[in-house]
Amino acid sequence: MSRILIVEDEQDLANLLTYNLSAAGFETETSHSGAAALSRAKAFKPDLVLLDLMLPDLPGSEVLRLIKEDPNLRRTAVVMVTAKGQESDRVQGLELGADDYVVKPFSVRELALRVKAVLRRMARDSEGTGVLSAGSIKLDPARHEVRVGGNEVALTALEFRLLKTLLERPGRVQTREVLLSDVWGIEAEITTRTVDTHIKRLREKLGTAGDIIETVRGVGYKLASPDKDA
Amino acid sequence: MTETPQARRIVFLLLATLLPGLAAGIGSGALAGVQTGVLAGSLAGIVSLVIAVASESESARALTRSGETADARRRELAEERDGALLEVQTLASAIEGMDEGMWITDANGVVLRHNEALRAILGTDQELVGQRPLFLLRRTELHDAVLRACREGVTSKVEVSMDAPRNKTLEVHIAPLGGSLPGSAAVFRDVTERKRLERVRQDFVANVSHELRTPIAAILGYAETLRSGALSDARHAPQMVEIIHRQSERLGELVEDLLELSRLDAGERPLSPAPVSLGEVARQASEAMEPRAAGKRLSLQLRIPTDLTARADPKALEQVLLNLLDNAIKYTPEGGTVELIGERVGDRAQLSVRDTGLGIEAKHLPRLFERFYRVDRGRSREQGGTGLGLSIVRHLVHGMEGEVRVASQLGVGSTFTVVLPVG
Chain A
0 MSRILIVEDE QDLANLLTYN LSAAGFETET SHSGAAALSR AKAFKPDLVL
50 LDLMLPDLPG SEVLRLIKED PNLRRTAVVM VTAKGQESDR VQGLELGADD
100 YVVKPFSVRE LALRVKAVLR RMARDSEGTG VLSAGSIKLD PARHEVRVGG
150 NEVALTALEF RLLKTLLERP GRVQTREVLL SDVWGIEAEI TTRTVDTHIK
200 RLREKLGTAG DIIETVRGVG YKLASPDKDA
Chain B
0 MTETPQARRI VFLLLATLLP GLAAGIGSGA LAGVQTGVLA GSLAGIVSLV
50 IAVASESESA RALTRSGETA DARRRELAEE RDGALLEVQT LASAIEGMDE
100 GMWITDANGV VLRHNEALRA ILGTDQELVG QRPLFLLRRT ELHDAVLRAC
150 REGVTSKVEV SMDAPRNKTL EVHIAPLGGS LPGSAAVFRD VTERKRLERV
200 RQDFVANVSH ELRTPIAAIL GYAETLRSGA LSDARHAPQM VEIIHRQSER
250 LGELVEDLLE LSRLDAGERP LSPAPVSLGE VARQASEAME PRAAGKRLSL
300 QLRIPTDLTA RADPKALEQV LLNLLDNAIK YTPEGGTVEL IGERVGDRAQ
350 LSVRDTGLGI EAKHLPRLFE RFYRVDRGRS REQGGTGLGL SIVRHLVHGM
400 EGEVRVASQL GVGSTFTVVL PVG
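Keeping their order, the protein sequence lines are chains A and B.
For the first sequence, position 178 matches number 177 in numbering that gives the first Met the number 0, and the numbering has no gaps at all.
For the second sequence, position 89 matches number 88 in numbering that gives the first Met the number 0, and the numbering has no gaps at all.
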């Protein structure tokens, strides 16, 4: 049973989410503030955090950043829930590494479906045909591990999925739209800068080995096939 | 050479024709092109000069032909000069009188002249003439815009944020002088206050949107949950209906408060202050709140001299007191005391609502009357507050030429004081 941490300061909404997600077969816990959520997450080890962006103590974006920076939590999926209709919040959240978002007022059914979809994508990350590699990069889906020249590189779930997607399709150009759809599961008209931000971060984490991810100007990205270059 | 308007015009014509020629030459890129470009420019300048001189002498010849004397011609020139001088003076005083700052630069973007307002806007005493934009403001976007205006004739608008201690935002319009004049002009407007108001408005809209969507999310969510099966969940269904009811009430109150604020903002609710007995208004308000106070076993006390009057709008004042009493009752634990105290201080009448409640931390006090500002959002919601009550109070009190203050001590209680002119 997947575990979900609900972070929502409005008691009625927290109860609403708890009721519906429990009915959908999830194990849930609730935190009413950002600080409480961060400490609860460490003990509860949720698979997914449902994070309201307007919290009484910390901005939700800050909670998100702290989750994604924590070595023990960074693989936890985060779905943002926000009452602000402004796209800038969602874009900021996605760039900070959120896996999806829901805008208040939301349909509880749609929310449950989105949560399931995110968890499914996460589950697929550990499936696969054994270790993928390119240059000095090795990605082991089963162990959810990435190594560059033998040293482990700490990636968030999204960065892991992005790298895995590129490694699975060497030498083929992946447009931003394709990456948004396959990695994020987003078909929305959300800005494609999100992809660029994550590619940039991924390259930084991979060091010089990251050069293997090539930018195809105006189109998207491509994993250079080392065989062809050799 | 004595400087006459004609001589100046000729020099100007020469300059004006030479400069675009130079620019065209540089633009053409190739070295040889530069040479011919300069040459072409110079030639064009000389030709213009010849034409200018020719036309001047032509008009002189025409005058002679008509048989008029040199005196008449001098008079005419003097009139022309006086007219031009008047025009220059008018323009100069108009520019000096502007609230906006203004500077004029030469073709290289160096400041030639400016009005006094510019000094105030830039907040500087330093000499501006002879300086470049980059030196004066350290903003490359402004510097670039000035050079674009000078070199390419491009008009632009840039926003410049000035760092502390000036902390201003300026909107600068930059344009080439136009015609054949080299250089650029820039007009500086201080938009700091406008920007601040924009931010206030945006925050307000974001807050309203959040405050409205939260009850709507709860109502929709619980209704949807009931519809898709929870209706037959005998244990939870009644609670869900209860929540839908409570959240609908909250939504209604919020909409009412928002409308009230907007009516006050728009001045659609004129207040008519008249001498009012404070004891009378306070008694009505406390009678209305008595059942709620009793429900929490609070003692609600009135201590107002019978002859105390103030200039106030009775309805607005009652609304103010109801709001303050409502807050006091909400945040005072069972068994506590809420007092309504009236006294006269000089030519002012004071009404205070004092409670033995939770109290408010000092850091919150300055912002307490802001819209949607809450000391503790969770607690405020539990109590059913809209976050707008105190800002409506402040609005109403200001409308009666009074003021409202708060003093508080954590764990001891709070006192809200309304000060009004004596009636």
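Where a beta carbon is used, it is the ideal one built from N, C-alpha and C, also for glycine.
Computed from a prediction, not measured in an experiment: that's the story for all the values here.
### Query
Going by DSSP, what residues sit across from arginine 195 (chain B) in a beta bridge?
According to DSSP, arginine 195 (chain B) shares a beta bridge with no other residue.
### Task
Residues of the stretch 53 to 66 of chain A with a CB closer than 8 Å to any CB of chain B: list them in chain order, please.
Cβ contacts with chain B come from Met53, Pro55.
### Message
Please list, in chain order, the chain A residues whose beta carbon lies closer than 8 Å to that of glutamate 223 (chain B).
### Response
Going along chain A in sequence order, the residues near glutamate 223 (chain B) (Cβ under 8 Å) are Ser106, Val107, Arg108.
#### Entry: From B:Leu277, B:Leu136, B:Leu263, residue whose alpha carbon lies closest to that of arginine 165 (chain B)
Among B:Leu277, B:Leu136, B:Leu263, the Cα nearest to that of arginine 165 (chain B) belongs to B:Leu136.
### Task
With 8 Å as the threshold, decide whether the Cβ of serine 227 (chain B) is near any Cβ in chain A.
Output row for serine 227 (chain B): interface = yes.
#### Entry: Cross-strand partners of glycine 96 (chain A) (DSSP beta bridge)
Bridge partners of glycine 96 (chain A) according to DSSP: none are assigned.
### Query
Under 8 Å between C-beta atoms, does leucine 14 (chain B) make it to chain A?
Its pLDDT being 37, under 50, leucine 14 (chain B) is placed unreliably by the model, and nothing is read from it.
### Query
Taking C-beta to C-beta, are valine 396 (chain B) and valine 403 (chain B) nearer than 8 Å?
Yes, the pair counts as a contact, with Cβ atoms nearer than the cut-off.
#### Entry: Terminal residues of the beta strand (DSSP E) in which tyrosine 372 (chain B) lies
For tyrosine 372 (chain B), there is no enclosing beta strand (DSSP E), as DSSP marks it with neither H nor E.
### Query
If we call anything under 8 Å between Cβ atoms a contact, is glutamate 360 (chain B) one with leucine 409 (chain B)?
A contact, by the Cβ cut-off of 8 Å.
### Task
Output the boundary residues of the beta strand (DSSP E) element that contains threonine 414 (chain B).
Note, threonine 414 (chain B): beta strand (DSSP E), 412 to 420.
#### Entry: Residue nearest to glycine 96 (chain A) in terms of C-alpha spacing, selected from A:Lys199, A:Leu222, A:Ala223
Of the candidates A:Lys199, A:Leu222, A:Ala223, the one whose C-alpha sits nearest the C-alpha of glycine 96 (chain A) is A:Lys199.
### Query
From this set, B:Ala216, B:Arg147, B:Pro365, B:Gln349, which residue's C-alpha is nearest leucine 279 (chain A)'s C-alpha?
Given that chain A is displayed from residue 0 to residue 229, the structure contains no residue 279 (chain A) and the question cannot be resolved.
### Query
Shorter than 8 Å from the beta carbon of glycine 334 (chain B) to some beta carbon of chain A?
With 8 Å as the cut-off, glycine 334 (chain B) does not count as an interface residue toward chain A.
### Task
Consider the Cβ of isoleucine 359 (chain B): report whether some Cβ of chain A lies at a distance smaller than 8 Å.
Put simply, the CB of isoleucine 359 (chain B) is far from chain A, with every gap to its CB atoms at 8 Å or more.
### Query
Helix, strand or coil: which one does DSSP assign to glycine 341 (chain B)?
Here DSSP, grouped into helix, strand and coil, assigns glycine 341 (chain B) to strand.
### Query
So is the beta-carbon of lysine 163 (chain A) under 7 Å away from any non-hydrogen atom of the ligand FAD?
No copy of the ligand FAD occurs in the structure displayed, which carries no ligand at all.
### Task
Determine which residues of the stretch 0 to 28 of chain A have a Cβ less than 9 Å from any Cβ of chain B, and write them out in chain order.
Of all residues in the stretch 0 to 28 of chain A, those with a C-beta nearer than 9 Å to a C-beta of chain B are Asp8, Glu9, Gln10, Asp11, Leu12, Asn14, Leu15, Leu16, Tyr18, Asn19, Ala22, reading in chain order.
### Query
Expressed to the nearest angstrom, what Euclidean distance is found between the alpha-carbon atoms of lysine 221 (chain A) and glycine 134 (chain A)?
For lysine 221 (chain A) and glycine 134 (chain A), the distance between alpha carbons rounds to 14 Å.
### Query
Taking the alpha carbon of valine 411 (chain B) as the point to measure from, which residue in B:His363, B:Ala348, B:Pro332 has its own alpha carbon closest?
A check of alpha carbon separations from valine 411 (chain B) across B:His363, B:Ala348, B:Pro332 identifies B:Pro332 as the nearest.
### Task
Give a yes or no on whether the minimum CB-CB distance between glycine 220 (chain B) and chain A is below 8 Å.
Yes, its Cβ sits closer than 8 Å to a Cβ of chain A.
### Task
Please determine if the stretch 254 to 264 of chain B and the stretch 276 to 293 of chain B are in contact, where contact requires at least 3 C-beta pairs separated by less than 8 Å.
Not touching, per the Cβ criterion.
### Query
Would you say serine 1 (chain A) and leucine 37 (chain A) are within 8 Å of each other, going by their C-beta atoms?
The criterion of a C-beta distance shorter than 8 Å is not satisfied by serine 1 (chain A) and leucine 37 (chain A).
### Task
Below 6 Å CB to CB, which residues in the same chain sit around glycine 152 (chain B) once its five sequence neighbours on both sides are set aside?
For glycine 152 (chain B), where only same-chain residues beyond five positions count, the Cβ hits under 6 Å are Pro175.
### Task
Use the C-beta contact count for histidine 113 (chain B): other C-beta atoms within 10 angstroms, 16 or more gives buried, fewer gives exposed.
Using a 10 angstroms sphere on the CB of histidine 113 (chain B), the tally of other CB atoms reaches 16 or more, which defines it as buried.
### CB contact below 8 Å: arginine 234 (chain B) versus chain A
Contacts with chain A at 8 Å (Cβ-Cβ) do not include arginine 234 (chain B).
### Query
Going by C-alpha distance, which of B:Asp354, B:Gly383, B:Val352, B:Leu387 is nearest phenylalanine 368 (chain B)?
It is B:Leu387.
### Query
Touching or not, the stretch 295 to 305 of chain B and the stretch 271 to 287 of chain B, by the rule of three or more beta carbon pairs under 8 Å?
Touching, per the Cβ criterion.
### Message
Rounded to the nearest angstrom, what separates alanine 384 (chain B) and aspartate 51 (chain A) at their Cα positions?
### Response
Checking the sequence shown, residue 384 (chain B) turns out to be glycine, not alanine. Going by the C-alpha atoms only, they are around 21 Å apart.
### Message
Bridge partners for alanine 354 (chain B) per DSSP, in chain order?
### Response
According to the sequence as given, residue 354 (chain B) is aspartate; it is not alanine. Paired residues: B:Val337.
### Task
Could you tell me the distance, in whole angstroms, from the CA atom of arginine 168 (chain A) to the CA atom of glutamate 223 (chain B)?
C-alpha separation (whole angstroms): 42 Å.
#### Entry: Alpha-carbon spacing of tryptophan 102 (chain B) relative to valine 199 (chain B), whole angstroms
Note on geometry: alpha-carbon atoms of tryptophan 102 (chain B) and valine 199 (chain B) lie some 32 Å from one another.
### Query
Tell me the DSSP bridge mates of aspartate 139 (chain A)?
Its beta-bridge partners are A:Glu144.
### Message
Does the CB of histidine 209 (chain B) have a neighbour CB from chain A at under 8 Å?
### Response
Yes, histidine 209 (chain B) lies at the interface with chain A (some Cβ there is under 8 Å from its Cβ).
### Distance, arginine 147 (chain B) Cα to lysine 137 (chain A) Cα
So the alpha carbons of these two residues sit roughly 52 Å apart.
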